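Trainee:
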Amino acid sequence: MTNSGSPVDSGPVPLPRMTVAVAGGTGFVGGAIARELARRGHRVVVLSHRLPARSGEGPSEGLVQPFEQRRADITQPHGLEAALAGVDALAISLAFRNSPIEAPRRGRTFERVDADGTVALVSAAGAAGVRRLVYMSGAGAAADAPRHWFRAKWRAEEAVRASGIPYTIFRPSWIYGPGDRSLNRFLGFARWLPFVPQIGNGRQLVAPVFVDDMGRLVADALEVSGATDATLEVGGPETLTMDAVVREALRIQGRRRLILHAPAGLMKLLTRPLTLLPSPPMTPDAIDFVVQSAQVDTGPLSAALPRHLMPLAEGLASYLAPTRRGSPG
Ligand SMILES: NC(=O)c1ccc[n+]([C@@H]2O[C@H](COP(=O)([O-])OP(=O)(O)OC[C@H]3O[C@@H](n4cnc5c(N)ncnc54)[C@H](OP(=O)(O)O)[C@@H]3O)[C@@H](O)[C@H]2O)c1
Numbered sequence: 017m018t019n020s021g022s023p024v025d026s027g028p029v030p031l032p033r034m035t036v037a038v039a040g041g042t043g044f045v046g047g048a049i050a051r052e053l054a055r056r057g058h059r060v061v062v063l064s065h066r067l068p069a070r071s072g073e074g075p076s077e078g079l080v081q082p083f084e085q086r087r088a089d090i091t092q093p094h095g096l097e098a099a100l101a102g103v104d105a106l107a108i109s110l111a112f113r114n115s116p117i118e119a120p121r122r123g124r125t126f127e128r129v130d131a132d133g134t135v136a137l138v139s140a141a142g143a144a145g146v147r148r149l150v151y152m153s154g155a156g157a158a159a160d161a162p163r164h165w166f167r168a169k170w171r172a173e174e175a176v177r178a179s180g181i182p183y184t185i186f187r188p189s190w191i192y193g194p195g196d197r198s199l200n201r202f203l204g205f206a207r208w209l210p211f212v213p214q215i216g217n218g219r220q221l222v223a224p225v226f227v228d229d230m231g232r233l234v235a236d237a238l239e240v241s242g243a244t245d246a247t248l249e250v251g252g253p254e255t256l257t258m259d260a261v262v263r264e265a266l267r268i269q270g271r272r273r274l275i276l277h278a279p280a281g282l283m284k285l286l287t288r289p290l291t292l293l294p295s296p297p298m299t300p301d302a303i304d305f306v307v308q309s310a311q312v313d314t315g316p317l318s319a320a321l322p323r324h325l326m327p328l329a330e331g332l333a334s335y336l337a338p339t340r341r342g343s344p345g
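Start counting the sequence shown at 17; every next residue gets the next number (the working numbering).
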């Protein structure tokens, strides 16, 4: 049974009904955060850089009804403070289009969006009088991390920690759910092919967390004091290989498919020339990103925000189990 209510909290509830801006609220994780906050009665403002420049405030046709939407492009810091006017709390869940496939000529990089973008947003939040921050980082963020994306995440985290605004930083392992781009891509192949292609050996370890649980944790962090000024790794109840995740998803869909592995080294070699394109479909860096393990220590999370998180089978079944009328191949 999933506990979808608030966790037991020892501290006071600081703000009964908050106005919460969600940067990245049009995205996979940010969308779940926005929905959960709205479900709990908070006023949600979704920030998006795809809104027309003159749309201004107020509900508008477009990206994520029924939330109020405001234009905020983190690559153009001058408009950010105005976008945060009247906002009590800010949840930052940013990623560039096609992440993790960087397109430097289009400004789509971890440095530009995850790091610089968060630095700019946090500075605007301070100026706008925002009283609470939540930042979606990633498991592995560190000043001296071997991968540049984790160093960018660290720089973003440091801006949050230095802001003087009470914060919670989440470092999730791997998030799945309807609308994710990774697992759904594999399952898309399985609809048409007798096999599922997978880059790498499929043995990378992840601790899958259901996207709705991630939304609940963010809302918990804003509502209770247990996670204030904490940096918390996030993972679901199991740690397993990516192959095991894909096999479980196929089992729940009632599909029998072979997983075909393409060696990561070969794929990196083949994709190297693509980095010359303005918007590459794949890059060697992105291959390193998708084959990395993301193991987490969830002890501090359970202590700060006690909550039952969905086991993988339960989370997957909630949106993948065939309906009576539908029969997968
Ligand atoms: N998915 C996972 O498994 C996972 C695991 C660990 C950590 N995370 C972290 O969770 C965060 C969200 O990931 P996601 O999977 O939800 O990504 P996503 O679906 O691609 O969403 C990214 C959001 O960023 C916004 N954005 C992009 N460029 C922007 C700009 N210039 N100005 C303002 N907003 C911009 C987009 O909104 P608009 O285009 O509407 O502006 C979009 O809503 C990321 O920081 C990621 O590192 C995710």
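Cβ coordinates follow ideal geometry from the N, Cα and C atoms, glycine included.
Note that the coordinates shown come from a computational prediction; the quantities given were computed from them, not determined experimentally.
1) Secondary structure at Glu73, three-state DSSP: helix, strand or coil?
2) Mind checking which residues open and close the beta strand (DSSP E) that includes Thr287?
3) When the Cβ atoms of the stretch 274 to 281 are set against those of the stretch 80 to 92, are three or more pairs found closer than 8 Å?
4) Tell me which residues share the same chain as Ala105 and place their Cβ nearer than 8 Å to its Cβ, disregarding the 5 neighbours each side in the sequence.
5) Mind listing, in chain order, the continuous beta strand (DSSP E) runs of no fewer than 3 residues lying wholly within the stretch 308 to 337?
6) Enumerate, from N- to C-terminal direction, the unbroken beta strand (DSSP E) stretches of 3 or more residues contained entirely within the stretch 162 to 217.
7) Quick check on DSSP: helix, strand or coil for Glu52?
8) Near Val307, what residues of its chain come up, given a Cβ to Cβ distance below 7 Å and the 5 sequence neighbours on each side ignored?
9) So is Phe211 buried or exposed if we call it buried at 16+ other beta carbons inside 10 Å?
10) Considering only the beta carbon of each residue, do Met258 and Gly218 sit closer than 8 Å?
11) Enumerate, from N- to C-terminal direction, the unbroken alpha helix (DSSP H) stretches of 4 or more residues contained entirely within the stretch 107 to 158.
12) So, under 8 Å CB-CB, Ile185 and Ser153 are touching, yes? Tell me the CB distance rounded to an integer number of Å.
13) Which ranges does the beta strand (DSSP E) cover as unbroken runs of at least 3 residues, wholly within the stretch 232 to 259, from first to last along the chain?
14) Indicate whether the contact test is met: 3 or more Cβ pairs, each with one atom in the stretch 220 to 235 and one in the stretch 44 to 64, closer than 8 Å.
15) Is Trp208 buried or exposed, if buried means 16 or more other CB atoms sit within 10 Å of its CB?
16) Between Gly74 and the rest of its own chain, which residues show a CB-CB distance below 7 Å, the 5 nearest in sequence each way excluded?
17) Can you tell me the Cα-Cα spacing of Leu285 and Pro300, whole angstroms?
18) I need the boundaries of the alpha helix (DSSP H) containing Ala98, first residue and last residue.
19) Would you list the one or two residues that DSSP bridges to Thr35?
20) Alpha carbon to alpha carbon, what distance is there between Arg271 and Thr255?
21) Quick check: the Cα distance between Ala143 and Glu330, rounded to an integer number of angstroms?
22) For Ser198, which option in Arg66, Ala54 and Asn114 has the closest C-alpha, if you only look at C-alpha atoms?
23) Let's test the definition: count the other Cβ atoms within 10 Å of the Cβ of Leu332 and tell me whether it reaches 16, buried, or not, exposed.
24) Using 10 angstroms around the beta-carbon of His58, count the other beta-carbons present and answer buried if the total reaches 16, otherwise exposed.
25) With a threshold of 7 Å on Cβ separation, who are the neighbours of Ala265 within its own chain once the five nearest residues in sequence on each side are excluded?
Mentor: So, from the listed chains and residues:
1) Taking the first residue of the sequence shown as 1, we reach residue 73 at position 57. With a pLDDT of only 46 at Glu73, under 50, the local geometry of the prediction cannot be trusted, and the value read off the model is given with reservation. Assigned with DSSP and collapsed to three states, Glu73 falls in coil, not helix or strand.
2) Residue 287 sits at position 271 when you count from the first residue of the sequence shown. Segment Ala280 to Thr287 is the alpha helix (DSSP H) holding Thr287; no beta strand (DSSP E) there.
3) No: the two stretches stay apart, fewer than three of their Cβ pairs being nearer than 8 Å.
4) Start at 1 with the first residue of the sequence shown, and residue 105 comes out as number 89. Excluding sequence positions up to five before and after Ala105, its CB lies within less than 8 Å of the CB of Leu31, Met34, Thr35, Val36, Ala37, Val146, Arg147, Arg148, Leu149, Val150 and Leu238, all in the same chain and listed in chain order.
5) Fully enclosed beta strand (DSSP E) runs of 3 or longer: not present.
6) If we require 3 residues or more, the beta strand (DSSP E) runs fully inside the stretch 162 to 217 come out as 183 to 188, 190 to 192 and 211 to 215.
7) One-based indexing of the sequence shown puts residue 52 at position 36. Reduced to three states, the DSSP call for Glu52 is helix.
8) Numbered from 1 along the sequence shown, position 291 holds the residue referred to as residue 307. For Val307, same chain residues with a beta-carbon under 7 Å away, outside a window of 5 residues either side, are Ile215, Gly216, Gln220 and Ala280 in chain order.
9) Position 195 of the sequence shown holds residue 211. By the neighbour-count rule (16 or more Cβ atoms within 10 Å), Phe211 is not buried but exposed.
10) Looking up residue 258 in the sequence shown gives position 242. Looking up residue 218 in the sequence shown gives position 202. Closer than 8 Å, so yes.
11) List check, alpha helix (DSSP H) in window: 134 to 144.
12) Along the sequence shown, one-based indexing puts residue 185 at 169. Along the sequence shown, one-based indexing puts residue 153 at 137. The C-beta separation of Ile185 from Ser153 comes to about 5 Å, placing the pair in contact by the 8 Å criterion.
13) Fully enclosed beta strand (DSSP E) runs of 3 or longer: 246 to 250.
14) Touching, yes, given that three or more Cβ pairs across the two stretches are closer than 8 Å.
15) Residue 208 sits at position 192 when you count from the first residue of the sequence shown. Trp208 comes out exposed.
16) Looking up residue 74 in the sequence shown gives position 58. Any reading at Gly74 needs caution, since the residue's pLDDT is 46, under 50, leaving its predicted position unreliable; the model's value is listed next. Cβ neighbours of Gly74 within its own chain (closer than 7 Å, five residues either side excluded): Glu84.
17) Translated into positions along the sequence shown, residue 285 becomes position 269. Translated into positions along the sequence shown, residue 300 becomes position 284. Rounded to whole angstroms, Leu285 to Pro300 spans 7 Å at the Cα level.
18) Residue mapping note: residue 98 aligns to position 82 of the sequence shown, counting from 1. In this chain, the alpha helix (DSSP H) harbouring Ala98 covers Leu96 to Ala99.
19) Locating residue 35 in the sequence shown gives position 19, where the first residue counts as 1. In the DSSP output, where bridge partners are listed per residue, Thr35 has Arg59.
20) Numbered from 1 along the sequence shown, position 239 holds the residue referred to as residue 255. Numbered from 1 along the sequence shown, position 255 holds the residue referred to as residue 271. Cα to Cα, the separation comes out at about 23 Å.
21) Here residue 143 refers to the residue found at position 127 when the sequence shown is read from its first residue. Here residue 330 refers to the residue found at position 314 when the sequence shown is read from its first residue. Inter-residue distance for Ala143 and Glu330 is about 43 Å (C-alpha atoms, whole angstroms).
22) The residue you call residue 198 lines up with position 182 of the sequence shown. It is Asn114 whose Cα lies nearest to the Cα of Ser198.
23) Along the sequence shown, read from residue 1 onward, the residue named residue 332 stands at position 316. Label assigned to Leu332: buried.
24) Residue 58 sits at position 42 when you count from the first residue of the sequence shown. So His58 counts as buried.
25) The count along the sequence shown starts at 1 and reaches residue 265 at position 249. Only Leu199, Leu203, Leu332 and Leu336 meet the Cβ criterion.
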